[in-house]
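Notes follow the structure.
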Amino acid sequence: AAMRTSRIKRTKTVCTYCGVGCSFEVWTKDRKILKIEPQAEAPVNGISTCIKGKFGWDFVNSEERLTKPLIRKGDTFVEATWDEALTLIAGKMKEMKETYGPDSIGYIASSKCSNEENFIFQKFARAVMGTNNVDNCSRYCQSPATAGLMRTVGIGGDSGTIVDIASAELVLVVGANPAESHPVLATRVKRAHKLHGQKLVVVDLRKHELGERADLFLRPKPGSDLIWLSAVTRYILEQGWEDKEFLNQRVNGFEEYIKSLDLYTLDYAEEQTGLTKDEIVRIATMIHESKATCILWAMGITQHMGATDTSTAISNLLLITGNYGRPGTGAYPLRGHNNVQGACDFGTMPAWFPGYEAVQNDTVRARYERAWGVKLPEKPGMNNHQMVEGIHDGKLKALYLFGEDMALVDSNSNHVQAAFEKLEFFVVQDIFFSKTAQFADVVLPAAPSLEKDGTFTNTERRIQRFYKVFEPLGDSKPDWEIIQEMANRLGANWNYKHPSELMDEAASLAPVFAGVSYERLEDWKSLVWPVAADGTDTPLLYTEKFAFPDGKARLFPVEWTPPYEAGEEFDLHLNNGRLLEHFHEGNMTYKSKGISHKVPSEWVEVSPELAKERGIDHGALVRLTSPYGKVEVRVEVTDRVKGNELYMTMNSAEDLSAVNRLTSSYHDRITHTPNFKEMGVKMEVLEPK
Ligand code: SF4
Numbered sequence: 252a253a254m255r256t257s258r259i260k261r262t263k264t265v266c267t268y269c270g271v272g273c274s275f276e277v278w279t280k281d282r283k284i285l286k287i288e289p290q291a292e293a294p295v296n297g298i299s300t301c302i303k304g305k306f307g308w309d310f311v312n313s314e315e316r317l318t319k320p321l322i323r324k325g326d327t328f329v330e331a332t333w334d335e336a337l338t339l340i341a342g343k344m345k346e347m348k349e350t351y352g353p354d355s356i357g358y359i360a361s362s363k364c365s366n367e368e369n370f371i372f373q374k375f376a377r378a379v380m381g382t383n384n385v386d387n388c389s390r391y392c393q394s395p396a397t398a399g400l401m402r403t404v405g406i407g408g409d410s411g412t413i414v415d416i417a418s419a420e421l422v423l424v425v426g427a428n429p430a431e432s433h434p435v436l437a438t439r440v441k442r443a444h445k446l447h448g449q450k451l452v453v454v455d456l457r458k459h460e461l462g463e464r465a466d467l468f469l470r471p472k473p474g475s476d477l478i479w480l481s482a483v484t485r486y487i488l489e490q491g492w493e494d495k496e497f498l499n500q501r502v503n504g505f506e507e508y509i510k511s512l513d514l515y516t517l518d519y520a521e522e523q524t525g526l527t528k529d530e531i532v533r534i535a536t537m538i539h540e541s542k543a544t545c546i547l548w549a550m551g552i553t554q555h556m557g558a559t560d561t562s563t564a565i566s567n568l569l570l571i572t573g574n575y576g577r578p579g580t581g582a583y584p585l586r587g588h589n590n591v592q593g594a595c596d597f598g599t600m601p602a603w604f605p606g607y608e609a610v611q612n613d614t615v616r617a618r619y620e621r622a623w624g625v626k627l628p629e630k631p632g633m634n635n636h637q638m639v640e641g642i643h644d645g646k647l648k649a650l651y652l653f654g655e656d657m658a659l660v661d662s663n664s665n666h667v668q669a670a671f672e673k674l675e676f677f678v679v680q681d682i683f684f685s686k687t688a689q690f691a692d693v694v695l696p697a698a699p700s701l702e703k704d705g706t707f708t709n710t711e712r713r714i715q716r717f718y719k720v721f722e723p724l725g726d727s728k729p730d731w732e733i734i735q736e737m738a739n740r741l742g743a744n745w746n747y748k749h750p751s752e753l754m755d756e757a758a759s760l761a762p763v764f765a766g767v768s769y770e771r772l773e774d775w776k777s778l779v780w781p782v783a784a785d786g787t788d789t790p791l792l793y794t795e796k797f798a799f800p801d802g803k804a805r806l807f808p809v810e811w812t813p814p815y816e817a818g819e820e821f822d823l824h825l826n827n828g829r830l831l832e833h834f835h836e837g838n839m840t841y842k843s844k845g846i847s848h849k850v851p852s853e854w855v856e857v858s859p860e861l862a863k864e865r866g867i868d869h870g871a872l873v874r875l876t877s878p879y880g881k882v883e884v885r886v887e888v889t890d891r892v893k894g895n896e897l898y899m900t901m902n903s904a905e906d907l908s909a910v911n912r913l914t915s916s917y918h919d920r921i922t923h924t925p926n927f928k929e930m931g932v933k934m935e936v937l938e939p940k
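In full-length UniProt numbering, the protein residues as written are 252 to 940.
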């Protein structure tokens with residue numbers, strides 16, 4: 252008999268979940284995933300992973316995967332061939348473009364898809380369909396951090412690497428819960444804190460795991476962060492603790508900026524933030540005593556009405572204290588999805604080409620027009636938020652969306668779903684029949700990362716290769732192939748044979764990717780952009796220059812925007828965030844048995860004092876109502892939250908308990924990121940226990 256040969260295959264991949272960007276080998280036999288094996292060569296995680304990276308892969312072979320295109324017939328969907336589906340879409344999109352103009356169609360990209368897929372999608376929207384109406388889900392999370400950093404230091408990304416964080420003397424974590432949202436990064440912080448005497452300050456509404464471990468944990472009033480950050484900065488200047496040499500040599504705008512701090516006295520800050528003067532002085536003193544401080548933040552900062560300004564205040568504080576350009580210093584906006592950084596970097600944004608060059612810049616546009624042989628639209632397009640409003644106003648008639656469950660993840664989901672019902676034509680491309688797909692006219696089956704080649708960019712700007720493990724399931728296809736076929740039916744003549752060709756094109760057009768190539772990314776190799784033509788990458792930014800023409804950073808005066816008030820009737824504040832075990836709307840993790848068994852559903856955290864006042868206990872069923880909608884959830888009584896502060900995760904498997912039934916359409920003034928974290932609700936008890 253023939254000898255039994257081993258068919259076990261080992262393939263390097265990059266985690267499909269969070270922005271930390273762990274890489275590891277996936278061991279497979281046919282379509283069976285045997286195990287995830289981390290390797291010491293992995294640049295970010297070495298031999299670590301978290302529960303999602305290790306066990307969150309069952310979704311790939313789930314029976315619920317979409318395997319055939321679906322076309323709506325009345326209230327149901329029928330299976331179709333690719334030719335039928337693409338012919339229908341191309342015909343319809345052509346007709347809409349001719350009737351209503353190119354700006355009547357919106358394009359929503361995916362931060363779960365590769366850099367190359369985002370690149371080809373923005374090219375499709377701009378060069379083939381003639382509009383800049385293209386955006387991705389960073390609009391819901393980190394756009395304000397990007398904007399705040401672009402104002403002050405020039406590049407909208409983490410200024411150093413995750414490994415660098417270990418060399419900080421002080422880590423300040425504000426409005427972020429890395430132990431659940433960015434677990435492997437949090438492990439590094441925990442290790443440096445425990446073993447190397449690193450100081451840790453956590454400022455948050457909720458005492459999460461890092462809050463428990465912190466040397467100083469502070470709980471300000473919701474939405475008041477800009478005030479205490481500015482008061483800390485003012486106090487540092489009053490004490491003469493600023494880094495004078497750094498400011499003289501490397502920073503512009505000092506005089507004007509210090510005037511903007513007049514308001515932020517300790518008295519004012521104490522009154523507005525609920526932190527005591529001593530606490531504010533203590534943070535300032537700890538920053539003064541540390542030789543290298545970095546600040547990590549996430550959606551507790553960015554999902555507010557004044558989010559860009561608060562992110563700017565963080566960067567101002569780092570500049571005043573000279574905390575940029577050395578290992579262990581700098582700004583770390585922690586990206587959520589594994590490729591939200593890359594989706595932005597590769598141009599699925601309404602005002603920017605790949606590499607953050609403005610669509611309005613004539614020289615840049617001319618470069619793309621020459622390369623692509625078409626005239627490109629000059630006017631910035633609509634962002635996600637404007638698209639939803641545009642549909643309600645009748646300006647936007649059609650939407651093409653891939654890899655994004657916008658019906659659940661955008662704020663005020665009742666309002667978003669009502670918009671989808673008004674669309675004349677809606678294409679959804681995904682691996683599952685998502686909530687959003689229920690509103691579509693055509694649903695296209697896409698392939699997840701294990702079924703294609705590509706690159707992802709993690710929170711620290713690191714580009715890493717992932718390799719195809721399996722053929723796409725059923726008739727599903729990689730997103731880039733679908734987009735190419737669609738473009739070709741609408742007049743393009745593209746012939747990309749492999750995603751590497753898309754990366755080569757991006758590298759030839761966007762200066763920050765000049766030296767990026769698949770060859771330089773082979774196996775465990777990675778590149779942190781900007782990457783010079785000779786392949787030199789930049790793990791640590793601003794060592795000599797900031798990213799402005801004169802090489803100097805800019806202090807940027809900001810004002811506080813008070814948070815949204817829902818009205819007196821809505822007497823409790825509802826916060827929300829991630830959970831270790833699940834990811835976002837949960838469409839991948841709830842399909843992974845090991846995970847969904849452990850954490851099967853959504854709940855609301857209630858403080859012991861509030862539980863007592865309302866006569867409820869663990870397991871009570873409550874209805875939460877905001878001005879925008881209601882949800883019914885079970886209660887967990889915990890002292891992680893305090894007083895009238897409630898907390899829900901955003902990972903609901905069920906539409907009816909989804910937190911975005913409650914959130915509003917108010918948003919950050921500059922970036923239109925919704926104020927997910929500013930929600931007043933009332934709570935009715937349905938079952939006390
Ligand atoms: Fe994946 Fe993030 Fe967990 Fe790493 S920390 S394994 S990237 S989910």
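C-beta: ideal position from N, C-alpha, C; glycine also.
Since the structure is predicted, the reported quantities are computational estimates derived from the model, not experimental observations.
Where does residue i fall in DSSP's three states?
i    : result
E315 : coil
A360 : coil
Y793 : coil
F821 : coil
E938 : strand
A253 : Any answer about A253 is weak, because its pLDDT of 46 lies below 50 and its placement is not dependable; what the coordinates show is given next. A253: coil per DSSP, three-state reduction.
T710 : coil
R470 : coil
G641 : helix
A804 : strand
G352 : coil
Run through the DSSP bridge pairs and tell me what residue i is partnered with.
i    : result
K728 : A697
W775 : Paired residues: none, contrary to the question.
P925 : H918
K881 : T876
L650 : G357, F677
K324 : T327
M899 : N827, V855
G931 : H824
Rounded to whole angstroms, what's the CA-CA distance from residue i to residue j? Just pull it up for me.
i    : j    : result
L477 : A564 : 6 Å
A437 : L701 : 26 Å
G504 : F797 : 14 Å
R740 : M380 : 11 Å
G632 : Y358 : 10 Å
S751 : E367 : 8 Å
I284 : P699 : 14 Å
E864 : K893 : 13 Å
G931 : E896 : 10 Å
Y515 : W479 : 8 Å
V452 : V422 : 6 Å
E938 : I867 : 8 Å
Q680 : S361 : 10 Å
D466 : S768 : 44 Å
G576 : E711 : 14 Å
A252 : I259 : Note on A252: pLDDT 43, under 50, position unreliable in the model; the coordinate value appears next. C-alpha separation (whole angstroms): 20 Å.
R439 : T614 : 43 Å
What residue from the options has the CA that sits closest to residue i's CA?
i           : options                : result
W603        : K363, T264, D774, N369 : N369
E506        : R485, G270, V329, M344 : R485
T527        : L547, N499, A482, I487 : A482
L861        : D661, W308, M934       : M934
residue 205 : L451, H918, A396       : In this structure the chain extends from 252 to 940, so residue 205 is not present and cannot be described.
E887        : Y898, K303, H643       : Y898
E732        : V425, V615, G705       : G705
V311        : L337, T279, T300       : T279
V778        : L791, E530, I714       : The sequence as given places Leu at residue 778; Val does not occur at that position. Per the Cα distances, I714.
R621        : A378, Q611, S475       : A378
E496        : T544, H459, G474, N574 : N574
E655        : Y268, I340, E276, K363 : K363
Segments assigned beta strand (DSSP E), at least 3 residues, entirely inside the UniProt domain "4Fe-4S Mo/W bis-MGD-type" (259-315): 259-265, 274-280, 283-288
Any alpha helix (DSSP H) of 4 or more consecutive residues that is wholly inside the stretch 380-431: 394-403, 413-416
Length-filtered (3 minimum) beta strand (DSSP E) runs lying within the stretch 541-603: 544-548, 581-584
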